[in-house]
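The block underneath contains the structure these notes are about, expressed in structure tokens.
Number of protein chains: 2
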Amino acid sequence: MSDKRTAVFVVMDGVGDRPLKELGGKTPLQAAKTPTFDRLSAQGQNGLMNVIGPGITPGSDTAHLALFGYDPIADYPGRGPLEAFGAGLETKPGDVAFRSNFATVDSKMVVLDRRAGRNFTPEEQAELQAALDGIEIDGVKVRFIATVEHRGALVLEGEGLYAEISDVDPHETGKKILTVRPLKPEAEKTAKVVNELMRVAHERMKGLETNKERAKKGIPLANAILLRGPGRHSDIPSLPERYGIKAAVIAGGALYIGTAKYVGMEHIPVEGQTGTIDTNFDNIAKKTIETIRADYNYVFVHIKAPDNASHDGNAKEKVLAIEKTDEMVGTILDAVADDVVIAITGDHTTAVSVGEHQCDPVPIVVWSNFIRPDSVEKFSEIDAAKGALHTIRGIDVMPILLGYSGHIEKFGA
Amino acid sequence: MSDKRTAVFVVMDGVGDRPLKELGGKTPLQAAKTPTFDRLSAQGQNGLMNVIGPGITPGSDTAHLALFGYDPIADYPGRGPLEAFGAGLETKPGDVAFRSNFATVDSKMVVLDRRAGRNFTPEEQAELQAALDGIEIDGVKVRFIATVEHRGALVLEGEGLYAEISDVDPHETGKKILTVRPLKPEAEKTAKVVNELMRVAHERMKGLETNKERAKKGIPLANAILLRGPGRHSDIPSLPERYGIKAAVIAGGALYIGTAKYVGMEHIPVEGQTGTIDTNFDNIAKKTIETIRADYNYVFVHIKAPDNASHDGNAKEKVLAIEKTDEMVGTILDAVADDVVIAITGDHTTAVSVGEHQCDPVPIVVWSNFIRPDSVEKFSEIDAAKGALHTIRGIDVMPILLGYSGHIEKFGA
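Those sequence lines, one after another, are chains A and B. To convert, note that position 403 of the first sequence is 403 in the numbering used here; the numbers rise steadily by one, no gaps. Start counting at 1 in the second sequence, then tack on 413, and there's your number in the numbering used here.
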């Protein structure tokens with residue numbers, strides 16, 4: 001192990017694409033003016049990446065788990081803990097977490113509105129949160145946080161909890177909240193707790209001021225919760241435990257922050273960072289430089305804008321998002337190029353022509369001022385195919401980045 | 414399976430590198446004049462190789478284990494058995510081996526000198542070896558061999574021995590030799606034997622002529638042994654068992670010979686073969702040709718010189734070592750080209766600019782007079798990236814070599 005550098009990992013969400021008619025048969029990465037990315041490609045090592053595996057279309061959560069060096073199948077805790085972390089409700093090994101909706105039910109627990117009208121004031125959210133957070137059932141403690149609109153995250157803390165239970169949510173109105181069954185014998189206690197929680201939550205929620213007011217206004221009551229996406233925080237080593245590194249996440253979206261925190265990164269908030277094209281790229285650059293200059297060994301920077309543009313079928317905006325990220329990375333490297341090993345990539349392909357995640361691999365470039373170059377001259381899906389990294393998997397990125405930046409011990413003598 | 418050839422595997426230790434200023438931005442492999450390697454690259458198949466895995470910096474022992482076709486993590490026995498084999502003390506499955514130092518202790522077993530002054534005459538080594546070799550404790554037989562200076566190898570033979578024990582060596586002077594604890598329950602017997610061995614060895618060593626003489630001369634006494642790097646010879650199939658081949662090692666360093674013998678190769682000694690640039694390349698070529706013409710199916714030839722030059726930061730000497738190896742391989746192929754499949758590679762990158770093993774992949778070329786060529790024209794880290802092998806792992810080399818040379822049966826019907 002030689003001199004240690006900070007590993008910088010920039011992910012443009014959904015950046016991979018296919019040739020687009022509206023771009024004259026080029027992909028958005030080919031069409032975009034990206035002087036910094038192209039310089040990194042010319043001086044560094046390029047390749048294609050199947051984030052999960054060949055032919056597998058990654059979800060955002062599993063993709064990032066893989067990109068952080070974890071097995072996206074064996075180590076995947078389900079959406080619950082990742083969302084909970086993103087919402088600021090930290091879980092620990094053994095906890096079971098859910099995504100939650102406020103919902104409207106009648107006196108027989110028949111669902112009338114799965115989102116309870118969707119709109120909530122901060123005051124309403126606070127009252128509902130206070131009513132739910134702290135419930136105890138059979139020695140299991142319930143923690144709850146309201147997030148955006150009708151959404152929230154709910155965590156069960158206690159011994160012997162498992163996520164393998166059937167659904168609460170009937171997924172349509174006019175049907176009763178479902179009685180949960182264990183999907184494996186060990187989950188019997190969890191199923192019992194959740195069934196009782198449905199009853200207790202309804203009891204506590206129905207009489208709240210929020211609902212008296214909503215009844216007066218004729219707005220759907222928030223008198224029940226629907227839970228989904230159960231997941232158990234598994235006992236995997238965090239990045240600090242695994243590599244002895246201090247790792248940071250700079251991201252605008254809760255799921256990315258949540259997944260990063262789940263594996264032990266610290267969230268560094270940036271003023272004006274959002275999940276859209278209007279995110280403050282200057283502030284992200286400044287904060288990234290600051291974080292690299294502090295004692296962090298690894299900094300993950302997530303830019304959501306290319307994915308949004310893709311889902312909207314907006315090729316022009318995708319090109320713009322890529323160009324703005326290129327400029328941002330240029331600013332970062334102007335300040336700290338000699339102190340870093342940097343990788344630029346995406347978490348999956350979101351084809352503008354389809355508007356959804358696709359299985360096509362994404363390009364990746366790894367650069368440092370000492371790294372061996374290959375023959376690639378431009379950063380794109382097409383050019384990257386000729387690079388020295390050939391085809392890697394998402395799970396390979398973390399060792400490559402940490403290996404080159406001096407944070408992995410020699411194996412053997 | 415068609416006609417059988419001899420698989421020849423040439424490893425230039427630490428040959429991989431990065432662009433070097435002193436070589437005009439070229440790597441040593443790019444800068445060296447290597448007409449033979451370049452011909453093999455032009456006619457054969459090239460690629461890059463992560464010897465252990467992406468981002469992992471290999472040690473010499475784990476790297477060679479992988480290159481011989483074994484899982485470098487699951488099949489790694491620790492340094493002890495590999496060193497013991499290298500020293501000429503062969504272990505068998507179930508044995509536990511250690512690296513050993515002669516040391517100086519006082520009457521309370523407090524360590525005064527961890528290397529007992531470092532210098533020993535052959536006569537002293539012989540007397541100390543005789544005192545230690547053959548000790549028996551609880552049915553466990555101790556075998557010992559003195560090697561270089563204060564160093565030696567020690568093997569425990571017996572039933573139910575395990576390597577998971579805590580350290581003997583306090584790793585500093587002024588501290589007592591440590592009482593060994595088992596790190597898993599099965600290792601309790603081994604810990605007991607080692608603790609008793611420390612006492613018995615001290616008893617046997619303190620009264621030797623060697624120590625009477627050393628006391629007179631005021632040289633530190635060799636009245637104890639410090640053991641480290643315990644490893645258990647695991648029950649893996651040897652190369653002959655696995656592939657039905659007869660395999661030979663031609664190497665100058667004990668560790669390489671040891672690792673090769675551990676997997677069932679026979680050591681073919683070569684007059685004048687050393688671990689430096691002054692090794693006798695002509696004799697190595699002659700002996701390799703002889704071994705290929707004998708009934709060996711696989712010949713591993715190890716050239717240590719490039720690694721030494723790298724650790725010394727000596728780019729010129731690294732280039733020279735590569736050029737001499739190129740010439741040597743030319744001589745070998747002039748004699749036996751039609752009878753072999755040959756692979757040329759390194760076991761890891763040792764960057765001259767850093768002077769240590771690094772995680773960068775190494776180039777590999779596989780040639781035979783029947784193999785399909787790719788578009789690579791020169792043997793180097795940069796050119797190999799465009800080759801038909803793309804990126805392989807160390808563990809892939811043995812099947813590729815033995816497959817092309819006709820020593821792996823068709824799998825299936």
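C-beta atoms are modelled at their ideal positions from N, C-alpha and C, and glycine is treated no differently.
By the neighbour-count definition (other C-beta atoms within 10 Å, threshold 16), lysine 737 of chain B is a buried residue. Arginine 531 of chain B and aspartate 582 of chain B do not touch by the CB rule: their CB atoms are close to 16 Å apart, not below 8 Å. Residues of chain A with a Cβ closer than 8 Å to the Cβ of alanine 476 of chain B are, in chain order, Gly412. Closest by C-alpha distance to lysine 446 of chain B, out of B:Ser793, B:Tyr675 and B:Gly493, is B:Ser793. Per the coordinates, the alpha-carbon of cysteine 772 of chain B lies some 30 Å from the alpha-carbon of lysine 287 of chain A. Using a CB distance cut-off of 9 Å, methionine 398 of chain A counts as an interface residue toward chain B.
Here the alpha carbon of alanine 413 of chain A sits roughly 15 Å from the alpha carbon of glycine 768 of chain B.
Secondary structure of valine 140 of chain A (DSSP, three-state): strand.
Residues of chain A whose Cβ lies closer than 9 Å to the Cβ of serine 473 of chain B are, in chain order, Gly412 and Ala413. DSSP places arginine 372 of chain A outside both helix and strand once states are collapsed to three, so it counts as coil. Of the candidates B:Gly800, B:Trp780, B:Ala734 and B:Gly807, B:Ala734 places its Cα closest to the Cα of leucine 442 of chain B. Interface annotation, leucine 652 of chain B: not in contact with chain A, CB-CB separation never under 9 Å. Taking the C-beta atoms as reference points, phenylalanine 102 of chain A is found no nearer than 9 Å to glycine 80 of chain A. The beta carbon of tyrosine 489 of chain B sits closer than 7 Å to the beta carbons of Thr475 and Leu478 from its chain, once the five residues preceding and following it are set aside; these are given in chain order.
Cβ neighbours of glutamate 503 of chain B within its own chain (closer than 8 Å, five residues either side excluded): Ala497 and Lys674.
Leucine 461 of chain B has a beta carbon lying within less than 9 Å of a beta carbon in chain A.
Sequence-ordered contacts of the region 715 to 746 of chain B with chain A are nonexistent [C-beta pairs closer than 9 Å]. Of all C-beta pairs linking the region 704 to 720 of chain B to the region 656 to 665 of chain B, three or more are shorter than 8 Å, placing the two stretches in contact.
Using a CB distance cut-off of 9 Å, histidine 770 of chain B counts as an interface residue toward chain A. Neighbours of glycine 466 of chain B across chain A, judged by C-beta separation under 7 Å: Pro399. At least 9 Å separates the CB of serine 513 of chain B from every CB of chain A. Per the Cβ contact rule, the region 360 to 368 of chain A is in contact with the region 338 to 347 of chain A (3 or more Cβ pairs under 8 Å). Here the alpha carbon of threonine 560 of chain B sits roughly 18 Å from the alpha carbon of leucine 634 of chain B. Distance check between glycine 743 of chain B and each of B:Ile590, B:His770, B:Phe694 and B:Ser788 places B:Phe694 closest, using alpha-carbon atoms only. Under DSSP, leucine 433 of chain B takes part in a beta bridge, and its partners are B:Lys439. With the rule of 3 Cβ pairs closer than 8 Å, the region 713 to 722 of chain B counts as touching the region 414 to 426 of chain B. In the three-state DSSP reduction, glutamate 585 of chain B falls in the coil class, being neither helix nor strand.
Under the three-state reduction of DSSP, leucine 525 of chain B is assigned to strand. Contact of leucine 40 of chain A with chain B by beta-carbon distance below 7 Å is absent, the smallest such distance being about 16 Å. Under DSSP, isoleucine 663 of chain B forms a beta bridge with B:Val714. Per the DSSP secondary-structure output, methionine 12 of chain A pairs in a beta bridge with A:Ile303 and A:Gly346.
Here the C-alpha atom of histidine 302 of chain A lies approximately 12 Å from the C-alpha atom of valine 270 of chain A.
In chain order, Gly412 and Ala413 make up the part of chain A whose C-beta sits under 9 Å from the C-beta of arginine 492 of chain B. Here the region 612 to 627 of chain B makes contact with the region 535 to 545 of chain B; the two share three or more CB pairs at distances below 8 Å. About 5 Å separates the Cβ atoms of valine 96 of chain A and leucine 156 of chain A, confirming a contact at the 8 Å cut-off.
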